[in-house]
Structure formats: structure tokens, C-alpha cells
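>
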Amino acid sequence: MSTEIILDCDTGIDDSLALLHLLQHPDAELVAVLSTAGNVGVEAVTRNNLSWLEFCGRSDIGVHVGASGPLVAPLRTCEDTHGDHGVGYAQLPSPTTAPRDEDAADAWCRLTRERPGELVGLVIGPLTSLAMAIRRDPGLPQRLRRLVVMGGSFDHPGNTTPLAEWNVAVDPEAAHEVFTAFGVDGAPQPIICALNLTEQVALTPEHLSRLGELADGPLVRHLNDALRFYFEFHQAQGEGYLAHVHDAFAAAVALDPSIVTTTPAVVDVELNGTLTRGAMVADRRGFWGRPPNALIADTTDVPRFLDELVRSLATLAGRHLRPTGTARRPQN
Numbered sequence: 001m002s003t004e005i006i007l008d009c010d011t012g013i014d015d016s017l018a019l020l021h022l023l024q025h026p027d028a029e030l031v032a033v034l035s036t037a038g039n040v041g042v043e044a045v046t047r048n049n050l051s052w053l054e055f056c057g058r059s060d061i062g063v064h065v066g067a068s069g070p071l072v073a074p075l076r077t078c079e080d081t082h083g084d085h086g087v088g089y090a091q092l093p094s095p096t097t098a099p100r101d102e103d104a105a106d107a108w109c110r111l112t113r114e115r116p117g118e119l120v121g122l123v124i125g126p127l128t129s130l131a132m133a134i135r136r137d138p139g140l141p142q143r144l145r146r147l148v149v150m151g152g153s154f155d156h157p158g159n160t161t162p163l164a165e166w167n168v169a170v171d172p173e174a175a176h177e178v179f180t181a182f183g184v185d186g187a188p189q190p191i192i193c194a195l196n197l198t199e200q201v202a203l204t205p206e207h208l209s210r211l212g213e214l215a216d217g218p219l220v221r222h223l224n225d226a227l228r229f230y231f232e233f234h235q236a237q238g239e240g241y242l243a244h245v246h247d248a249f250a251a252a253v254a255l256d257p258s259i260v261t262t263t264p265a266v267v268d269v270e271l272n273g274t275l276t277r278g279a280m281v282a283d284r285r286g287f288w289g290r291p292p293n294a295l296i297a298d299t300t301d302v303p304r305f306l307d308e309l310v311r312s313l314a315t316l317a318g319r320h321l322r323p324t325g326t327a328r329r330p331q332n
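Residue numbering for the sequence shown follows UniProt numbering, beginning at 1 and increasing consecutively.
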């Protein structure tokens, strides 16, 4: 039985890997791709989503334009991490298709009304579009089968401030509204894939070398070009020549939550702290007197996931694109 997924993303590099993994996975049915501003502006996010889908022969999947900025704060983007267009050094073909007229928030509302209890929500960018959807339709959370969120950091340094992770830091108010709406009144407890786990999931040049041995063609070259930029960013941050593939891992959890162990907690977001705005806070011991509203992903088999991701990307490259010569190796 396939897992029907609504993907809400701010497509950068690791979002691209998540999208491609879902396109290839035999258990995934990608129902819609929703574009939310974050890593880059919403126009670039939408263009990347359309380009990847068209490139892989899946223009039948609707792309919906979502929030162009946070609920309250000005938009911040991170081209230093993902490149001016969100895909590093890759030069994707310009899409010939257009996004759907329906915006992302309305798509969240309509799709969950049409398929109550069937859809898995996967949010790997800021939670702005989902928060806007819940404002329009407060019953939406109860209609989702499952929600997986890439965001936050628990007992682990942030990657945007000392405590805050990027997706939550971009729009803390949206994150607060979403986590307040889920895990109560019959709505599922979101599974949170936060930095404490996702920064253990690191793709390396060796993984790309293996991808090049398994497959060839334009998709592999685009991935090499995108990930080379991502490797260089992480190296400049003193983390090594590698790439934390947060979003692709969250996609795997959306398909199969059993790949992670989890801890229930009451999760909320700091909105007002001078030094702590955007920090995700977890109460695991009942200090707040509230029942748990989320599940924090704690552990996984990292090598197994990375092996699955490489094989998935190689299969996609072979399935949709004709080989065109020898794959270019990642540059050190």
C-alpha cells in the first residue's frame, strides 16, 4: 500500500534530494508539492520544484505556490548554503510547466478534505504555509494520517543561532501555531526530525562516487554539481567536506516511521527571547502539565539510510534519463 504524501518544501539542495527520493520510492505517492519561501525566495523554490518534476517526467504532480514570507518577521534566505538559485552549482533546465492556480494553503485544506485520514504531511521548510492553512481550516490537523517535520534542535547546537535551527528560525510563529494545533483533539503527534539526529546523517564524496558507479547521465551530473556546493559550505563552516541531508532523511521517516526511535514530549517554540527566539523547547518530564504533543526522533541506522538513498537516486537516474557518458566525480 503506497504512502500518499503532501510535500511542503523550500527547495534547496537537501530538499531536492528528498523530492527525488520520493519520486523514485516504490511506496511513495507524491500527491502535491507545495513551495514555501525559506532557503531561497518562493519564486526560486517553485522554479526548482517544477524543474525537478519536469526533468524526471512527473509534471503530472501539481506544484502550488505557498507563503512568500513568514507570518510576522521579514523573510531571511540562505543563498550562502544553497546557492543563488537554491541548487548549488547545478544548472537545471528552465521549466516549461506552470504552478497550479490554487495556493499551497488552500491545497493543504482541499487535499485533506478529499482524503481524510489518508495523507501524510511532510514539511521540510518553514511551517508558514501549513500554519496559514490551519488558520483557514482549523480542522485540518485531525484529517492528516501523519505529519513529519524537519526542524528544531534538542539538546544540540542550532545551525542558525546557538539554539535555533533554520526552518524554525525563519518563522517561529508558524512553528508555534502548528505544534499547538497537532497532538491534541485527535490530531496526530508530529514526528520531529531535528538537528540532534539529522546532523548525524552526512553524505560524503564517497557516496557520490558510488552513485557514479551505479548510474550515469544528466541527473547524476546535476546532483554532483549541487552537492559540491553543499560540501563546500559545510567545509567552510568547519564541519568537513560533507553534506547533512536533513530533508532526505525526513522523507524516509515520512515513508516509514519505524526507521527511527522516538521520545514523546511537549514541544513548543520560543517567540520572545532576546537570545533564544526560534529555539524549540521540549518538556519530556511533565513540567508544563500538558500531555505530549509530538514525537522527537532520537536514533536511526544512518549507514543503512544513506545506502538506500544512493540506490534510490541511482535507480531514478537509470529509470528516467538516458546515460550520456562517464559520470563526473565530485571535486575535492
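Cβ atoms here follow ideal geometry from the backbone N, Cα and C, with glycine treated the same way.
Remember, it's a predicted structure, so these values are computed and weren't measured experimentally.
(1) So which of Q142, A28, W52 has the shortest CA-CA distance to V220?
(2) Label G83 either buried or exposed according to how many other C-beta atoms from any shown protein chain fall within 10 Å of its C-beta, with 16 as the threshold for buried.
(3) Quick one: Cα of A317 to Cα of L122, how far?
(4) Quick check: what's the CA-CA separation for A250 versus E43?
(5) Starting from residue 346, trace the beta strand (DSSP E) in both directions and tell me its first and last residue.
(6) What are the complete alpha helix (DSSP H) segments, minimum 4 residues, inside the region 239-263?
(7) Exposed or buried, P99, counting other C-beta atoms within 10 Å across all chains shown (16 or more means buried)?
(8) Whose C-beta lies closer than 8 angstroms to the C-beta of A252 among residues of the same chain, with five residues either side of it excluded?
(9) Between the Cα of T274 and those of P162, L75, A104, spot the shortest distance and give me the residue it belongs to.
(10) Checking the sheet assignment: what are the DSSP bridge partners for S35?
(11) Under DSSP, the alpha helix (DSSP H) around C193 begins and ends at which residues?
(12) With DSSP run on the structure shown, which of helix, strand or coil describes G86?
(13) Can you tell me the Cα-Cα spacing of T97 and G57, whole angstroms?
(14) Which value, in whole angstroms, describes the spacing of the CA atoms of C109 and I134?
(15) Any idea what DSSP makes of I134, helix, strand or coil?
(16) In angstroms, rounded to a whole number, what distance separates the CA positions of Q24 and A314?
(17) Whose C-alpha, out of D171, D101, A243, L227, is nearest the C-alpha of R76?
(18) Should the region 84-96 be called in touch with the region 145-157, which here means at least 3 C-beta pairs below 8 angstroms?
(19) Which one of P26, V31, N48, H176 has the shortest CA to CA distance from L92?
(20) Between F179 and L214, what straight-line distance do the alpha-carbon atoms span, to the nearest angstrom?
(21) Using three-state DSSP, classify G121 as helix, strand or coil.
(22) Mapping DSSP to helix, strand and coil, what is D216?
(23) Can you confirm whether the region 63-79 touches the region 198-206 when touching is taken to mean that 3 or more C-beta pairs between the two stretches lie within less than 8 angstroms?
(24) So what does DSSP say about V102, is it helix, strand or coil?
(25) So D225 and P126 are supposed to be a Cβ contact under 8 angstroms. How far apart are they, rounded?
(26) Can residue 351 and S16 be called in contact, C-beta distance under 7 angstroms?
(27) Name the residue from N167, N159, A107 whose alpha carbon lies nearest to the alpha carbon of L140.
(28) Going straight from the alpha carbon of P292 to that of G286, what length do you get?
(29) When the Cα atoms are used, what is the spatial distance from L321 to S312?
(30) Helix, strand or coil for Q331, going by three-state DSSP, please let me know.
(31) State the Cα-Cα distance for the pair I6 and A28, rounded to the nearest angstrom.
(32) Taking the alpha-carbon of I61 as reference, which of S94, L19, V40, N39 has the nearest alpha-carbon?
Here's the rundown:
(1) Along the sequence shown, read from residue 1 onward, the residue named residue 220 stands at position 220. When only C-alpha atoms are compared, the closest one is W52.
(2) The residue you call residue 83 lines up with position 83 of the sequence shown. By the 10 Å Cβ count, G83 comes out buried.
(3) Here the question's residue 317 lines up with position 317 in the sequence shown. Here the question's residue 122 lines up with position 122 in the sequence shown. Rounded to the nearest angstrom, the two C-alpha atoms are 24 angstroms apart.
(4) For this step, residue 250 is matched to residue 250 along the sequence shown. For this step, residue 43 is matched to residue 43 along the sequence shown. When rounded, the distance between both Cα atoms is 24 angstroms.
(5) Nothing in the structure corresponds to residue 346, since the chain is present only between 1 and 332.
(6) 246-255
(7) The residue given as residue 99 occupies position 99 in the sequence shown. P99 is buried by the Cβ-count criterion.
(8) Translated into positions along the sequence shown, residue 252 becomes position 252. Closer than 8 angstroms at Cβ, skipping near neighbours: H21, I259, F305, E308, L309.
(9) As a first step, residue 274 is located in the sequence shown; it is residue number 274 there, counting from the start. For T274, the nearest C-alpha among the options comes from P162.
(10) Translated into the one-based positions of the sequence shown, residue 35 becomes position 35. In the DSSP output, where bridge partners are listed per residue, S35 has C9, V65.
(11) The sequence position of residue 193 within the sequence shown is 193, counting from 1. Unbroken run through C193 is the beta strand (DSSP E), 191-193; no alpha helix (DSSP H).
(12) Along the sequence shown, read from residue 1 onward, the residue named residue 86 stands at position 86. G86 falls in the coil class under three-state DSSP.
(13) Taking the first residue of the sequence shown as position 1, residue 97 is located at position 97. Taking the first residue of the sequence shown as position 1, residue 57 is located at position 57. Cα to Cα, the separation comes out at about 11 angstroms.
(14) Here residue 109 is taken as the residue at index 109 of the sequence shown, counted from 1. Here residue 134 is taken as the residue at index 134 of the sequence shown, counted from 1. Using only the alpha carbons, I get a separation of about 8 angstroms.
(15) Taking the sequence shown and counting its residues from 1, the one referred to as residue 134 is at position 134. Helix at I134.
(16) Position 24 of the sequence shown, counted from the start, is the residue given in the question as residue 24. Position 314 of the sequence shown, counted from the start, is the residue given in the question as residue 314. Whole-angstrom Cα-Cα distance: 9 angstroms.
(17) Here residue 76 refers to the residue found at position 76 when the sequence shown is read from its first residue. Of the candidates D171, D101, A243, L227, the one whose C-alpha sits nearest the C-alpha of R76 is D171.
(18) no
(19) Within the sequence shown, the letter at position 92 stands for residue 92. Out of P26, V31, N48, H176, N48 has the C-alpha closest to the C-alpha of L92.
(20) Translated into positions along the sequence shown, residue 179 becomes position 179. Translated into positions along the sequence shown, residue 214 becomes position 214. Cα to Cα, F179 sits roughly 41 angstroms from L214.
(21) Here residue 121 refers to the residue found at position 121 when the sequence shown is read from its first residue. Strand.
(22) As a first step, residue 216 is located in the sequence shown; it is residue number 216 there, counting from the start. Three-state result, D216: coil.
(23) no
(24) On the sequence shown, position 102 is the one that residue 102 refers to. Going by the sequence as given, residue 102 is Glu instead of Val. Looking at E102 - three-state DSSP - the assignment turns out to be coil, as it is neither helix nor strand.
(25) Translated into positions along the sequence shown, residue 225 becomes position 225. Translated into positions along the sequence shown, residue 126 becomes position 126. No, D225 and P126 are not in contact; Cβ-Cβ is about 26 angstroms, not under 8 angstroms.
(26) One cannot answer for residue 351 here, as it falls past the ends of the chain, which runs 1 to 332.
(27) Here residue 140 refers to the residue found at position 140 when the sequence shown is read from its first residue. Comparing Cα positions, the closest option is A107.
(28) Numbered from 1 along the sequence shown, position 292 holds the residue referred to as residue 292. Numbered from 1 along the sequence shown, position 286 holds the residue referred to as residue 286. Taking the straight line from one Cα to the other gives about 8 angstroms.
(29) To locate residue 321, count along the sequence shown from 1; it is residue 321. To locate residue 312, count along the sequence shown from 1; it is residue 312. Confidence at L321 is low in this model, with a pLDDT of 48, below 50, so its placement is unreliable and no value can be given for it.
(30) For the purposes of this step, residue 331 is taken as the residue at position 331 of the sequence shown. The predicted model places Q331 with a pLDDT of 36, which falls under 50 and marks its position as unreliable; any figure quoted below should be read in that light. Three-state result, Q331: coil.
(31) Position 6 of the sequence shown holds residue 6. Position 28 of the sequence shown holds residue 28. Whole-angstrom Cα-Cα distance: 10 angstroms.
(32) Stepping through the sequence shown from its first residue, residue 61 is reached at position 61. Here the closest residue by C-alpha is L19.
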